[in-house]
Structure formats: structure tokens, C-alpha cells
Amino acid sequence: MSIGIPIALLALASFNGFYKRYVTAKGVKHDCADNLKENNDILLLDVRAYNISYKDPIEGAFELPVAYFIRSYEEIPDRPIHIIASDEMEKNMAVRLLRKKGKNLISYSLTEENCGERMLAH
247 MSIGIPIALL ALASFNGFYK RYVTAKGVKH DCADNLKENN DILLLDVRAY
297 NISYKDPIEG AFELPVAYFI RSYEEIPDRP IHIIASDEME KNMAVRLLRK
347 KGKNLISYSL TEENCGERML AH
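Quick note on my numbering: the sequence shown kicks off at 247 and runs consecutively.
1. Please go through the same chain and pick out, in chain order, the residues whose beta-carbon is closer than 6 Å to the beta-carbon of Tyr268, but skip the five residues on each side of it.
2. Here's the rule I'm using: 16 or more other beta-carbon atoms within 10 Å means buried, otherwise exposed. How should Tyr296 be labelled?
3. Find the nearest neighbour of Glu334 within the set Glu359, Asn285, Asp280, judged by alpha-carbon distance.
4. Which residue from Phe315, Lys275, Asn286, Gly273 puts its Cα closest to that of Gly306?
5. State the Cα-Cα distance for the pair Phe315 and Arg345, rounded to the nearest angstrom.
6. Quick check on Glu321: buried or exposed, where buried means 16 or more other Cβ atoms within 10 Å of its Cβ?
7. Measuring only the C-alpha atoms, how far is Arg317 from His328?
8. I need the straight-line Cα distance from Lys337 to Val293, nearest angstrom please.
9. Which one of Pro323, His276, Arg342 has the shortest CA to CA distance from Leu291?
10. For Leu356, which option in Gly273, Glu309, Leu282, Ser332 has the closest C-alpha, if you only look at C-alpha atoms?
11. Measuring alpha carbon to alpha carbon, tell me which residue in Met339, Asp277, Asp280, Ile352 is nearest Leu310.
12. Count the other CB atoms within 10 Å of the CB of Lys349; is the residue buried (16 or more) or exposed (fewer)?
Written out as C-alpha cells, the structure is:
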């Protein structure tokens, strides 16, 4: 067996992981979660790690970290989804995984952004 084939497969796998995490997931608009809290038709989905969301909860959000999507995505209510993430990488992973499962994504926000006069996370 040629050594080129395993190296090519390793390179492809590495690129795939890089792509899923760091290349911007398009087609989901940016919005402030505070603007959506009163709308009961929209699910605020907090995809931050439990150790972060536990210390800084988002009122009214359904918490399911990205790391738990594969085994627990069925728990996500069937409503239009606004993703709340800590950073772009977390948002990109969530968007790609939720799209793969056929979920309706409408918008996202990052917790460290300014949202009007105050920070979303505080």
C-alpha cells in the first residue's frame, strides 16, 4: 500500500474538522437574544458548555451544549431556533449539526457581544 493514500485520508479528515469549526456557517442571521425573549414561538437554544451556562444562565433558554448534540438532539423542541453560543466556533458547530438534523435555524447571538446598552450574558 502506498503511503500517499493514508496521508491523503489524514489530510482530508483534518481539513473536515477545521472546516466544521472555523469556516463561517452562512445563512443564519445575527440577532440579539434579548429581542426574542418575549416570543414564545422561538426557542432560545444555549449551546455553551455546561460549566459556562451554569455560572451564567440565560433566562428562558433551553440548554444543550454542542458536545451533547449527537446523543440528545431529539430533546430539542420542534420550534424555530435562535442559537446562543460563546464564540464563533461553537456557533459554527451548532449550525452545521442542527442543519444536518433538519432543524429550523433563524438566528444566533454570541454571549460576549454588546446587545444594546448591556452585555447579553449579564
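Cβ atoms here follow ideal geometry from the backbone N, Cα and C, with glycine treated the same way.
On the basis of the data shown:
1. Caution applies to Tyr268, whose pLDDT of 48 falls short of 50 and renders its modelled position unreliable; the value that the coordinates give is listed next. Beyond the five residues adjoining it in sequence on each side, Tyr268 comes within less than 6 Å, by CB distance, of no other residue in the same chain.
2. So Tyr296 counts as exposed.
3. It is Glu359 whose Cα lies nearest to the Cα of Glu334.
4. Nearest of Phe315, Lys275, Asn286, Gly273 to Gly306, Cα basis: Asn286.
5. Inter-residue distance for Phe315 and Arg345 is about 12 Å (C-alpha atoms, whole angstroms).
6. Flag for Glu321 reads exposed.
7. When only Cα atoms are considered, Arg317 and His328 end up about 20 Å apart.
8. Using only the alpha carbons, I get a separation of about 8 Å.
9. Minimum Cα distance to Leu291 is reached at Pro323.
10. Of the candidates Gly273, Glu309, Leu282, Ser332, the one whose C-alpha sits nearest the C-alpha of Leu356 is Ser332.
11. Out of Met339, Asp277, Asp280, Ile352, Met339 has the C-alpha closest to the C-alpha of Leu310.
12. The residue is buried, with at least 16 neighbouring Cβ atoms inside 10 Å.
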